[in-house]
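Colleague: In terms of numbering that gives the first Met the number 0, the sequence shown opens at residue 0 and continues consecutively. The beta-carbon is built from N, C-alpha and C at its ideal position, and this holds for glycine as well. Next up is a structure, given as structure tokens.
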Amino acid sequence: MKNIYDYTLEELEEYFLSINEKKFKATQIFEWLYKKRVNSFDSMSNIKKETLDILKKDFIINDISIVTYKEGKDVIKFLFRLNDNQSVEAVLMKHDYGNSLCVSTQVGCNMGCKFCESGRLKKVRNLQTYEMVLQILKIEEVLNIRISHVVLMGIGEPFDNYDNVIKFIKIINSGKGIDIGARHITVSTCGIVPKIKEFIKDGNQVNLAISLHAPNNEIRNKIMNINKAYDINLLIDTLKEYISKTNRRVTFEYIMLDGVNDSVSCALELAKLLKGMNCYVNLIPYNETSHIEFKKSSDEHIRLFLDTLKKNHINVTIRKEFGGNVDAACGQLRANYEEGI
Ligand code: SF4
0 MKNIYDYTLE ELEEYFLSIN EKKFKATQIF EWLYKKRVNS FDSMSNIKKE TLDILKKDFI
60 INDISIVTYK EGKDVIKFLF RLNDNQSVEA VLMKHDYGNS LCVSTQVGCN MGCKFCESGR
120 LKKVRNLQTY EMVLQILKIE EVLNIRISHV VLMGIGEPFD NYDNVIKFIK IINSGKGIDI
180 GARHITVSTC GIVPKIKEFI KDGNQVNLAI SLHAPNNEIR NKIMNINKAY DINLLIDTLK
240 EYISKTNRRV TFEYIMLDGV NDSVSCALEL AKLLKGMNCY VNLIPYNETS HIEFKKSSDE
300 HIRLFLDTLK KNHINVTIRK EFGGNVDAAC GQLRANYEEG I
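What follows is the structure in structure tokens.
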């Protein structure tokens, strides 16, 4: 049996046609699931009983559950239990402009970025589409809020789970689904070049963020294994292609690691690398954890790095530090899972 939240509107329409039903039933189901938020087929009162019986035979409305949560200033970290007893986390950040949810896409991660707490657990499996959709629905339900922005930057590499992630984006972006605007959805990748090319071909309108974290191959090879497969020059060339084909801006995430990638010469090299690109650099103060030896750059080094990029005409900001007090900050998801948060 398939999970109903795994289906895009188009897939559900095809399903109804395949059982000799009218395809508008798919829209009705979407309205029950995403507008009226019921979680049983029996509550779908405008669908006739015979159709509901067929649906019940073919689909489950599978749940995932929130095991616990931890709250800090403007941030809440949720631990979800999946049906096979695996766990993932999602982080809600409260901004002036709305509620943003950082969603996980895999149980563990195989990319092995050296500074990343989230990737200490190797990939166990990809999340199914429904397991991403339900991270949003569950949190909206328990807090009685609406999530206005979604970032795919939780545990896992989204482009290592490409098909399920693209279906997830379609469902949450659909006006008949959760209806989050494409410009309010950001997918982040460490740089899987063939998948970025596929993303360009698909013409997806959501925002693209790249975990760059270094200005050259020498440093990037030391901290990000992915660079050995797709080096920084290939990555930048692919992103130039993305920008020219989509006319969209790329965001570069850059974690500031003391003595590793935070010198003025690194900033100059980065400015040269990104010169002329329609891009934006997000400097991220590192969140130190007890298991990883990297240290956070000093405020002074971060400021100097920022000023150097600005002087060289690169759009840049320092990301607001979120959730360091609940281990919910970038690269820290799952950090305290063993202790049961
Ligand atoms: S930074 Fe992202 S891609 Fe790299 S190991 Fe962590 S979760 Fe995986």
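Can you give me the C-alpha to C-alpha distance between Phe198 and Ser44, rounded to a whole angstrom?
Modeller: Each residue's Cα considered, the two are about 39 Å apart.
Colleague: Only counting runs of 3 or more residues, tell me where the beta strand (DSSP E) segments fall wholly within the region 201-229, in order along the chain.
Modeller: Listed in chain order, the complete beta strand (DSSP E) runs (minimum 3 residues) inside the region 201-229 are 206-210.
Colleague: For Ser117, verify whether its CB is less than 6 Å away from any heavy atom of the ligand SF4.
Modeller: Ser117 Cβ: within cutoff of the ligand SF4.
Colleague: Could you pull out every residue in the same chain whose Cβ sits closer than 8 Å to the Cβ of Lys294, ignoring the five residues on either side in sequence?
Modeller: Counting only Cβ-Cβ distances below 8 Å, and skipping sequence neighbours, we find Leu256, Asp257, Gly258, Tyr285 and Glu287.
Colleague: Are the beta-carbon atoms of Thr128 and Phe77 separated by less than 7 Å?
Modeller: Not in contact: Thr128 and Phe77 (Cβ atoms no closer than 7 Å).
Colleague: For the ligand SF4, any of its heavy atoms closer than 6 Å to the Cβ of Glu156?
Modeller: Yes, the beta carbon of Glu156 sits closer than 6 Å to at least one heavy atom of the ligand SF4.
Colleague: I'd like to confirm the pairing. Which residues does DSSP put opposite Ser99 in its beta bridges?
Modeller: Looking at the DSSP assignment, Ser99 forms a beta bridge with Met92 and His148.
Colleague: When you measure from the CB of Cys101 to every non-hydrogen atom of the ligand SF4, does any distance come out below 6 Å?
Modeller: No - the ligand SF4 has no heavy atom lying nearer than 6 Å to the Cβ of Cys101.
Colleague: Beta-carbon within less than 6 Å of Asn260's beta-carbon, same chain only, minus the 5 sequence neighbours each way: which residues are those?
Modeller: If we look at Asn260 and ignore the five residues flanking it on each side, its Cβ neighbours are Ala213 and Ile218.
Colleague: Considering Cys265, what are the terminal residues of the alpha helix (DSSP H) in which it resides?
Modeller: First-last of the alpha helix (DSSP H) with Cys265: Val263 to Leu273.
Colleague: Spell out the partners DSSP gives Val315 in its beta bridges.
Modeller: Bridge partners of Val315: Val280.
Colleague: Can you tell me whether DSSP reads Glu337 as helix, strand or coil?
Modeller: Any reading at Glu337 needs caution, since the residue's pLDDT is 43, under 50, leaving its predicted position unreliable; the model's value is listed next. Glu337: helix per DSSP, three-state reduction.
Colleague: Asn215 to Thr185, Cα distance in whole Å?
Modeller: Between Asn215 and Thr185, the C-alpha separation is close to 25 Å.
Colleague: Suppose you measure from the CA of Ile279 to the CA of Asp57; what does that come to, to the nearest Å?
Modeller: Note on residue identity: the sequence assigns Tyr, not Ile, to residue 279. Roughly 46 Å between the two C-alpha positions.
Colleague: Count the other C-beta atoms from every protein chain shown that fall within 10 angstroms of the C-beta of Gln134, then say buried if there are 16 or more, exposed otherwise.
Modeller: So Gln134 counts as buried.
Colleague: Leaving out five residues on either side along the sequence, give the residues of the same chain with a beta carbon under 6 Å from the beta carbon of Pro193.
Modeller: For Pro193, where only same-chain residues beyond five positions count, there are no Cβ hits under 6 Å.
Colleague: Does the distance from the CB of Val106 to the CB of Val87 come in under 7 Å?
Modeller: Going by C-beta atoms, Val106 is nearer than 7 Å to Val87.
Colleague: The ligand SF4 and Met110: does any heavy atom of the ligand fall closer than 6 Å to the residue's C-beta?
Modeller: Under cutoff, so the answer is yes.
Colleague: So if DSSP puts Val106 in a beta bridge, which residue, or which two residues, is it bridged to?
Modeller: Looking at the DSSP assignment, Val106 forms a beta bridge with Arg124.
Colleague: Does at least one heavy atom of the ligand SF4 sit under 6 Å from the Cβ of Cys189?
Modeller: Indeed, a heavy atom of the ligand SF4 lies less than 6 Å from the Cβ.
Colleague: Which partner residues does Tyr4 have in the DSSP bridge list?
Modeller: The partner list for Tyr4 (beta bridge, DSSP) is empty, contrary to what the question assumes.
Colleague: How should Glu338 be labelled, buried or exposed, when 16 other C-beta atoms within 10 angstroms of its C-beta is the threshold for buried?
Modeller: For Glu338, the predicted model reports a pLDDT of 39, less than 50, meaning its position is unreliable; a value from the coordinates is still stated below. Classification of Glu338: exposed, given that the 10 Å Cβ count is below 16.
Colleague: Cα-Cα, which of Ser262, Lys309 and Phe23 is closest to Asp298?
Modeller: Selected option, being the one with the closest Cα: Ser262.
Colleague: So what does DSSP say about Phe198, is it helix, strand or coil?
Modeller: Helix, per DSSP.
Colleague: Where do the N-terminal and C-terminal ends of the beta strand (DSSP E) with Phe79 fall, by residue?
Modeller: Looking at the DSSP string, the run of the beta strand (DSSP E) that includes Phe79 is Val74 to Arg80.
Colleague: Please name the residue, chosen from Gly153, Tyr241 and Asn220, that lies closest to Lys113 on a Cα-to-Cα basis.
Modeller: Selected option, being the one with the closest Cα: Asn220.
Colleague: For Lys227, which of Gly190, Asp201 and Ile317 has the nearest alpha-carbon?
Modeller: That would be Gly190, whose Cα lies nearest to the Cα of Lys227.
Colleague: So Val249 and Leu282 are in contact, right, with Cβ under 8 Å, and what is the actual spacing, rounded?
Modeller: Their Cβ separation, rounded to whole angstroms, is 15 Å, which puts Val249 and Leu282 out of contact at 8 Å.
Colleague: Which residue from Phe40, Asp62 and Asn61 puts its Cα closest to that of Asp52?
Modeller: It is Phe40.
Colleague: Taking the alpha helix (DSSP H) that Ser187 falls in, what are its first and last residues?
Modeller: Note, Ser187: premise wrong, no alpha helix (DSSP H); beta strand (DSSP E) at Ile184 to Thr188.
Colleague: Is the region 136-152 touching the region 88-105, taking contact as three or more C-beta pairs under 8 Å?
Modeller: Yes: the two stretches touch, three or more of their Cβ pairs being nearer than 8 Å.
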